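Asks: Let me give you the structure first, and then I'll get to my questions.
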Amino acid sequence: MMKANFKKFLFLILATGLVFPFAIFAQNQPSAENTGAKVGIFCSRLSELAAKMSQRIGNNEGKIAAKRIERTGNITTRRSQRDAKLAENRVKWDAKRVEHYAKLEERAATDAQKQAVLAFKNAVEAAVASRKSAIDAANQKFRQDVDNAITNRQIAVDAAVGAFKASRDAAFTKAQTDCQAGLNPVEIRTALKFALKAARDKFKSDRQAIERINHSVLAQTHRQAIQKAINDFKAAMEKAKADLKAAFPKTVSTPVPAQ
Amino acid sequence: MANLKVIIPIVIVVLALIIVGAVKFLPGGEEWQGGPQPTPTPELVVPEGEEPTVSPTAETEATGDIDDAVNAISAFSTNEESFLFGEDDDAALITSDSQAIGDFEQSYDESEF
Chain P
1 MMKANFKKFL FLILATGLVF PFAIFAQNQP SAENTGAKVG IFCSRLSELA
51 AKMSQRIGNN EGKIAAKRIE RTGNITTRRS QRDAKLAENR VKWDAKRVEH
101 YAKLEERAAT DAQKQAVLAF KNAVEAAVAS RKSAIDAANQ KFRQDVDNAI
151 TNRQIAVDAA VGAFKASRDA AFTKAQTDCQ AGLNPVEIRT ALKFALKAAR
201 DKFKSDRQAI ERINHSVLAQ THRQAIQKAI NDFKAAMEKA KADLKAAFPK
251 TVSTPVPAQ
Chain W
1 MANLKVIIPI VIVVLALIIV GAVKFLPGGE EWQGGPQPTP TPELVVPEGE
51 EPTVSPTAET EATGDIDDAV NAISAFSTNE ESFLFGEDDD AALITSDSQA
101 IGDFEQSYDE SEF
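For the record, the sequence lines run as chains P and W. Heads up: the first sequence begins at 1 in the working numbering, then just goes up one per residue. Heads up: the second sequence begins at 1 in the working numbering, then just goes up one per residue.
So this is what it looks like as structure tokens:
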């Protein structure tokens, strides 16, 4: 009895040892999808595959183009809105200053005070003009920098897309030639896939290089220029105020807190 | 009979309370809070990146006071700053096509081959 069981066990071990390697081998063989019909008709499907890919490229190029149009529209709208606000604020500002100058002139009793008001007015107008021109220059430079960055990005993206399309064309042309020469379809397909993958990888690396460009420095430069214009204006206003106050030592009353 | 002497004052007090309550709380009464409530004035929402054009300080009437004049003139400058710094946000639009560029990578679909 024991001997019979041992024989059965031995048989099972041997059978497993024989079947297992074949099973593994079978798994590593090309699937039916990769061989036979599909590979056989690969060359006849080549133009269809090329057309499908072209269509997808066209659609994706269309999406990029649409985003560009959208961006241009957004930037144009935002700039014109800001320009309108800036102009509106400046018109009100100009009018308001005239009112304040007139009131100060009314209160100037002596020639010295009238001269001081005139000097104040000139100093403020010079500070305002200087501020306006510094801000306008900073805005203009920033906008030019943004436009240049967009143009450069567009050129770089177009070059990457162009390189991808050229590689794609070359890969399909070679596959077509190889098919016509009657080469092995499996090898043709493998080579085509390899070439297309390389083209995609190249595009990916080009895109990553494009995305690595840091545009925040443009905003930072603009911000610094605006801040400088503001600080210069504030300093000029403080000086103008101090000079004017010196000429009106007692005429300008400030409320005295109740004791 | 003795009961009536107790019940009548109680009834009178209860009636008085009802009348007072009706006067105060029924529609038209002092404490009336039912019915349509006045619609609260919606809070003024300033769209992102937008600021009021002119600040209250800037609108201050000219008085001839030096500090008032300088403050009002400076307020216009401060008011302008809000949309001057808003310009910086446009730098973010440079890369607004990133997604579309990334999607281009999908032009090659390996599974079709």
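Note that the Cβ used here is the ideal one computed from N, Cα and C, for glycine as well. These figures come from a predicted structure and were not determined experimentally.
Taking any Cβ of chain W, which residues in the segment 130–152 of chain P have a Cβ under 9 Å from it, in chain order?
Replies: Within the segment 130–152 of chain P, the residues whose Cβ lies closer than 9 Å to some Cβ of chain W are R131, I135, A138, N139, F142, R143, D145, V146, A149, I150, listed in chain order.
Asks: If you draw a straight line from the C-alpha of S74/W to the C-alpha of L93/W, how long is it?
Replies: Taking the first residue of the second sequence as position 1, residue 74/W is located at position 74. Taking the first residue of the second sequence as position 1, residue 93/W is located at position 93. Those two C-alpha atoms are separated by around 32 Å.
Asks: Quick one: residues in its chain with C-beta nearer than 7 Å to the C-beta of V161/P, no 5 flanking neighbours on either side, listed in chain order?
Replies: For the purposes of this step, residue 161/P is taken as the residue at position 161 of the first sequence. Answer for V161/P: E61, listed in chain order.
Asks: First and last residue of the alpha helix (DSSP H) that includes S133/P?
Replies: As a working note, residue 133/P is residue 133 in the first sequence. 111–180 is the extent of the alpha helix (DSSP H) around S133/P.
Asks: Going by beta carbon distance, what residues of the same chain come within less than 7 Å of A247/P, once the five residues before and after it are set aside?
Replies: To locate residue 247/P, count along the first sequence from 1; it is residue 247. A112, Q113, A116, listed in sequence order.
Asks: What does a CB cutoff of less than 6 Å around S167/P pick up in its chain, not counting 5 residues either side in sequence?
Replies: Numbered from 1 along the first sequence, position 167 holds the residue referred to as residue 167/P. Hits under 6 Å: A199.
Asks: Rounded to the nearest angstrom, how far is the Cβ of F203/P from that of A127/P, given a contact under 8 Å?
Replies: For the purposes of this step, residue 203/P is taken as residue 203 along the first sequence, with counting starting at 1. For the purposes of this step, residue 127/P is taken as residue 127 along the first sequence, with counting starting at 1. The Cβ separation is near 53 Å, so there is no contact.
Asks: Tell me whether F248/P sits in a helix, a strand or coil according to DSSP, three-state version.
Replies: The count along the first sequence starts at 1 and reaches residue 248/P at position 248. Coil.
Asks: Output the distance between the C-alpha atoms of Y101/P and K121/P, rounded to the nearest integer angstrom.
Replies: In the first sequence, residue 101/P corresponds to position 101, counting from 1. In the first sequence, residue 121/P corresponds to position 121, counting from 1. The straight-line gap from Cα to Cα measures roughly 7 Å.
Asks: By the criterion of Cβ-Cβ separation under 9 Å, what are the contact partners of S47/P in chain W?
Replies: Your numbering for residue 47/P matches position 47 in the first sequence. None at all; the shortest Cβ gap to chain W is about 13 Å.
Asks: Under 7 Å between beta-carbons, which chain W residues line up against E99/P? List them in chain order, please.
Replies: Translated into positions along the first sequence, residue 99/P becomes position 99. In chain order: A62.
Asks: Any chance the segment 74–82 of chain P sits against the segment 179–192 of chain P, with 3 or more Cβ pairs inside 8 Å?
Replies: Result no; under three Cβ-Cβ pairs closer than 8 Å.
Asks: Return the residue from the list Q176/P, H222/P, I213/P that minimises the CA-CA distance to T95/W.
Replies: Taking the second sequence and counting its residues from 1, the one referred to as residue 95/W is at position 95. When only C-alpha atoms are compared, the closest one is I213/P.
Asks: Can you list, in chain order, the residues of its chain whose CB lies under 6 Å from that of H215/P, leaving out five sequence neighbours each side?
Replies: Sequence index remark: in the first sequence, residue 215/P carries index 215 (1-based). These residues qualify, in order along the chain: A149.
Asks: Residues of chain W with a CB under 9 Å from the CB of R189/P: which are they?
Replies: Start at 1 with the first residue of the first sequence, and residue 189/P comes out as number 189. Near R189/P (Cβ distances below 9 Å), the residues of chain W are F113.
Asks: If we call anything under 8 Å between Cβ atoms a contact, is S107/W one with M237/P?
Replies: Translated into the one-based positions of the second sequence, residue 107/W becomes position 107. Translated into the one-based positions of the first sequence, residue 237/P becomes position 237. It is not a contact, given that the beta carbons lie outside the stated cut-off.
Asks: Compare the C-alpha of C43/P against each of V217/P, T221/P, K174/P, I64/P and name the closest.
Replies: Taking the first sequence and counting its residues from 1, the one referred to as residue 43/P is at position 43. Comparing Cα-Cα distances from C43/P to each of V217/P, T221/P, K174/P, I64/P, the minimum goes to K174/P.
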